[in-house]
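**Q** First the structure, then my questions, so here it is.
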Amino acid sequence: MLFRNEKINNTLFRLTLAAFLLTIVVVVLGAFTRLVDAGLGCPDWPGCYGHLLWPDEVHEIVKAEAAFPNAPVELDKTWPEMVHRYFAGTLGLFILSIAILAVRCTAISNQALETYKRIPLKLPLFLLALVILQAAFGMWTVTLKLWPKIVTAHLMGGFATLSLLWLLVQRLGGQQWCLLESQAQQLSKLKPLLLFSLVVVVIQIMLGGWVSSNYAALACPDVPQCFGQWLPPMDIATGFAVFQDIGPNYLGGQLDNYSRIAIHVVHRMGAMVVLLSLLVFGIFLWRIRSAVVNQWVAALWLVLFVQICLGLSNIVFALPLSVAVAHNAVGALLLLVMVSIAYRIYSVKVVD
13 MLFRNEKINN
23 TLFRLTLAAF
33 LLTIVVVVLG
43 AFTRLVDAGL
53 GCPDWPGCYG
63 HLLWPDEVHE
73 IVKAEAAFPN
83 APVELDKTWP
93 EMVHRYFAGT
103 LGLFILSIAI
113 LAVRCTAISN
123 QALETYKRIP
133 LKLPLFLLAL
143 VILQAAFGMW
153 TVTLKLWPKI
163 VTAHLMGGFA
173 TLSLLWLLVQ
183 RLGGQQWCLL
193 ESQAQQLSKL
203 KPLLLFSLVV
213 VVIQIMLGGW
223 VSSNYAALAC
233 PDVPQCFGQW
243 LPPMDIATGF
253 AVFQDIGPNY
263 LGGQLDNYSR
273 IAIHVVHRMG
283 AMVVLLSLLV
293 FGIFLWRIRS
303 AVVNQWVAAL
313 WLVLFVQICL
323 GLSNIVFALP
333 LSVAVAHNAV
343 GALLLLVMVS
353 IAYRIYSVKV
363 VD
C-alpha cells in the first residue's frame, strides 16, 4: 500500500475543508482588492463610511463624503473591500467553530478516547489566534493607510492561514505516504533540503508581497534585463528600509523609482533561487523511485512552471488584472504543494 487515508473525525474534517476552501476565496479576494487599489475603498473599519455594507444611494454618498471629506466615495473600490471583509469575517467564524469542536473532542470521556485521541488541538487554537491577528492587520491596513509592512504582514498572514488549514486537513484526513523502509530512509535524508526549499518559497512570497505593497511590479518594463541592464541603478537600502514613516497615504506607493527597481530585481533573483532549489529538491525526490512521490514532484514542477510564466506575463503584458490575481493564487498553490510534501515526508509510514 503506497497511500493511506483514515479520516479521524468526519465533522471536524468537513468543517476544516470548508474553511480551507473559503480561505482560498478570501486570499484571491484580498489580491483582487489590493490590485484594483481598493485597500482604502472604505476609510473606516469595520464599517464602510459608517455603513454595514457601503453607501450606494445618492443621499448616502453625500452624507458619507461630508463625514469623510478627504475620502470621496468610489463605488468601484468600496464593494471589493467590503466583500473581502465579510468573507474574511465568515472565515473567522469557521475557524472559531473548528477550535471549539477540537477542544470538545479532546475533552471527551475515556470511553471514546480511541476515536478522538489523534485530533490536533494546538493547531486549531493557533489558527484561531492567527485569524484574530489577521483581523487586526486588516484594521491597521486601513488606519495606517496601506503602510507597506502591515500590508505585507496581512498578505503573509493570509497565506499562513491557508497553509495551516490545509495542514490540518491533511492531518485530519490521514494523508500519508506508505513506503518501503529504504525509501523512507532516503526521504528522511531530504529533510534539510525540504526545509531550505520551503523557507525559500516563503521568503519569495514575502518579497512578492513587498513588491505589491510598494507598487514595484512594473518598476522594470523589460525581461530578462531591467532597462536593458542586468544590474540597473537601484537603491536597495531605501527599497528595503525597515522603518518607513507612519502617516502618509501609501496608496500608489511613496518610494522613488530606484527603490522600486531594487525591490523588483531582488524579487526576480528570488524567483531564480526558488526555481533552482525546487528543481534540485524535485530531482532528489524523483530518485526515491516511488510512483506516488513522483506524482507530487510532477505537480510541484507544473505549478512552478505556471507561476514563472505568470510572473513573466505580468511584465510583458504590463500587469493585467487577471494575470496578477492568478500570480497571487498560484503562489499560494505552490506553497500548498510544498506543505503537502513536507507533511508527507514527516509522517511517512514504513511498510513491508
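Adding 12 to a residue's 1-based position in the sequence shown gives its number in the numbering used here.
Ideal Cβ placement from N, Cα and C applies to all residues, glycine included.
1. What residue range is occupied by the uninterrupted alpha helix (DSSP H) comprising C232?
2. Since G343 contacts G220 with CB under 8 Å, what's their CB separation in whole angstroms?
3. Could you tell me the distance, in whole angstroms, from the CA atom of L267 to the CA atom of F296?
4. With H4 and T45 assumed to form a contact (beta carbons below 8 Å), what rounded beta-carbon distance in angstroms separates them?
5. Per DSSP, what are the beta-bridge partners of K361 in this structure?
6. Any idea which residues DSSP pairs C60 with across the strands?
7. Between the Cα of T118 and the Cα atoms of L142, V213, N21, which residue gives the shortest distance?
8. Contact check, N261 vs K157 under 8 Å by CB: the rounded distance?
9. From the DSSP output, which residues share a beta bridge with Q241?
10. Roughly how many angstroms separate the alpha carbons of D364 and R301, rounded to a whole number?
11. Skipping 5 residues on each side, what residues in its chain have a beta carbon closer than 7 Å to that of W298?
12. Put Q266 into one of helix, strand or coil per three-state DSSP.
13. Taking the continuous alpha helix (DSSP H) assigned at D88, which residues delimit it?
14. Buried or exposed: where does Q241 fall if 16 or more other Cβ atoms within 10 Å of its Cβ makes it buried?
15. Would you call V70 buried or exposed, if buried means 16 or more other Cβ atoms sit within 10 Å of its Cβ?
16. Taking the C-alpha atoms as reference points, what is the distance between L331 and S200?
17. Which first and last residues belong to the alpha helix (DSSP H) in which R299 is found?
18. Determine the DSSP secondary structure at K157, reduced to helix, strand or coil.
19. Using the rule of at least 16 other Cβ atoms within 10 Å of the residue's Cβ for burial, across every protein chain shown, is M246 buried or exposed?
20. Can you confirm whether the stretch 182-199 touches the stretch 353-361 when touching is taken to mean that 3 or more C-beta pairs between the two stretches lie within less than 8 Å?
21. Just checking, does the stretch 186-200 make contact with the stretch 137-151 on the three C-beta pairs under 8 Å criterion?
22. Give the secondary structure of M246 by DSSP, where H, G and I count as helix, E and B as strand, and everything else as coil.
23. Which residues in the same chain as G251 place their Cβ atom closer than 6 Å to its Cβ, once the five residues preceding and following it in sequence are excluded?
24. Do you know how far the Cα of H339 is from the Cα of S325?
25. With distances taken from CA atoms, which of N269, L243, A311 is nearest R280?
26. Residues in its own chain within less than 7 Å of G264 by CB, not counting five upstream and five downstream?
27. Starting from the Cα of A229, find the closest Cα among I327, H63, Y61, V362 and give me that residue.
**A** Looking at the coordinates:
1. No alpha helix (DSSP H) contains C232, which DSSP labels as neither H nor E.
2. Contact flag correct, Cβ pair sits at about 6 Å.
3. Put simply, the backbone Cα of L267 is about 42 Å away from that of F296.
4. With the chain represented from 13 up to 364, any question about residue 4 goes unanswered, as that position is not in the structure.
5. BP columns for K361 point to C190.
6. Looking at the DSSP assignment, C60 forms a beta bridge with H63.
7. Restricting attention to L142, V213, N21, the CA atom closest to the CA of T118 is found in N21.
8. Between K157 and N261 the Cβ distance is about 5 Å, and since that is below 8 Å, they are a contact.
9. Among the bridge pairs identified by DSSP, Q241 is matched with C238.
10. Going from the Cα of D364 to the Cα of R301 covers about 16 Å.
11. Correct list, in chain order: N306, V309.
12. In this structure, Q266 counts as coil in the three-state DSSP scheme.
13. Segment 87-118, the alpha helix (DSSP H) holding D88.
14. Classification of Q241: exposed, given that the 10 Å Cβ count is below 16.
15. Its Cβ having fewer than 16 others within 10 Å, V70 is exposed.
16. Spanning the two alpha carbons is a distance of roughly 41 Å.
17. Premise fails: R299 is in no alpha helix (DSSP H) and is neither H nor E.
18. K157 falls in the coil class under three-state DSSP.
19. Per the 10 Å Cβ criterion, buried.
20. Note that the stretch 353-361 touches the stretch 182-199; at least 3 beta-carbon pairs, one per stretch, sit closer than 8 Å.
21. Touching, no, given that fewer than three Cβ pairs across the two stretches are closer than 8 Å.
22. M246 carries a coil assignment under DSSP once its states are collapsed to helix, strand and coil.
23. Closer than 6 Å at Cβ, skipping near neighbours: S271, A274, I275.
24. The straight-line gap from Cα to Cα measures roughly 9 Å.
25. For the residues N269, L243, A311, the minimum Cα distance to R280 belongs to L243.
26. Excluding sequence neighbours, G264 sits near Y227.
27. A check of alpha carbon separations from A229 across I327, H63, Y61, V362 identifies I327 as the nearest.
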